[in-house]
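Read the structure below first, then the notes.
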Amino acid sequence: MAATVDEVTINYEEDGIVVVKELEKVILSKGAWATILFRYQQWDAKKNEYSPDRYSIRRYRKVNGEYSPQSKFNISSPDQAQKIVDALQGWLA
Numbered sequence: 467m468a469a470t471v472d473e474v475t476i477n478y479e480e481d482g483i484v485v486v487k488e489l490e491k492v493i494l495s496k497g498a499w500a501t502i503l504f505r506y507q508q509w510d511a512k513k514n515e516y517s518p519d520r521y522s523i524r525r526y527r528k529v530n531g532e533y534s535p536q537s538k539f540n541i542s543s544p545d546q547a548q549k550i551v552d553a554l555q556g557w558l559a
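Note that our numbering gives residue 487 to position 21 of the sequence shown, counting from 1, and the numbers run on in steps of one.
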């Protein structure tokens, strides 16, 4: 658990292997509820390598001084990510 939004990470290690490797994050909102966009890679044990970049938007709630995950949306592909970007740019134009 993280006490500040800046400490929140999706890095995850199992049996000495970093299974989820956070590459970057953008904090979209702070406060009692925080929203963070992550760029990450996931370890593929069959291929013995990391996946191409993946993306996730996650919401955290601060309870008893610690941020805990509440919900997440994983963007399934670069194509889906681009469609989200295009839609937002169109709406904001």
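Every residue, glycine too, gets a C-beta built ideally from N, C-alpha and C. As the structure is a prediction and not an experimental result, all values here were calculated from the model.
Cβ separation of residue i and residue j, assumed to be a contact under 8 Å, to the nearest whole Å
{"i": "Arg520", "j": "Ser537", "result": "Their Cβ separation, rounded to whole angstroms, is 17 Å, which puts Arg520 and Ser537 out of contact at 8 Å."}
{"i": "Met467", "j": "Ser542", "result": "Rounded, the Cβ-Cβ distance is 28 Å, inconsistent with contact."}
{"i": "Ser495", "j": "Tyr506", "result": "Between Tyr506 and Ser495 the Cβ distance is about 19 Å, and since that is not below 8 Å, they are no contact."}
{"i": "Glu488", "j": "Phe504", "result": "6 Å"}
Candidates the options: closest to residue i by CA position
{"i": "Asn477", "options": "Leu494, Gln508, Ala469 and Val471", "result": "Gln508"}
{"i": "Asp481", "options": "Ala553, Leu554 and Ala511", "result": "Ala511"}
{"i": "Thr470", "options": "Gln555, Lys487, Pro544 and Gly531", "result": "Gly531"}
{"i": "Asn514", "options": "Ile483, Leu489 and Leu554", "result": "Ile483"}
Span of the alpha helix (DSSP H) around residue i
{"i": "Val551", "result": "Pro544 to Leu558"}
Assigned exposure category for residue i - 16 Cβ within 10 Å defines buried
{"i": "Phe539", "result": "exposed"}
{"i": "Val492", "result": "exposed"}
{"i": "Val474", "result": "buried"}
{"i": "Val529", "result": "exposed"}
N- and C-terminal bounds of the beta strand (DSSP E) containing residue i
{"i": "Ile523", "result": "Arg520 to Val529"}
{"i": "Asp454", "result": "A query on residue 454 cannot be resolved here, the shown segment of the chain reaching from 467 to 559 and no further."}
{"i": "Ile493", "result": "Ile483 to Ser495"}
{"i": "Glu480", "result": "Tyr478 to Glu480"}
{"i": "Lys513", "result": "It is not in any beta strand (DSSP E) - Lys513 carries neither H nor E in the DSSP assignment."}
{"i": "Arg473", "result": "According to the sequence provided, residue 473 is Glu. The question's Arg does not apply to it. Taken as a continuous stretch (DSSP letters only), Glu473 belongs to no beta strand (DSSP E), as it is neither H nor E."}
At least three beta-carbon pairs within less than 8 Å, the segment 546-553 to the segment 496-506:
no
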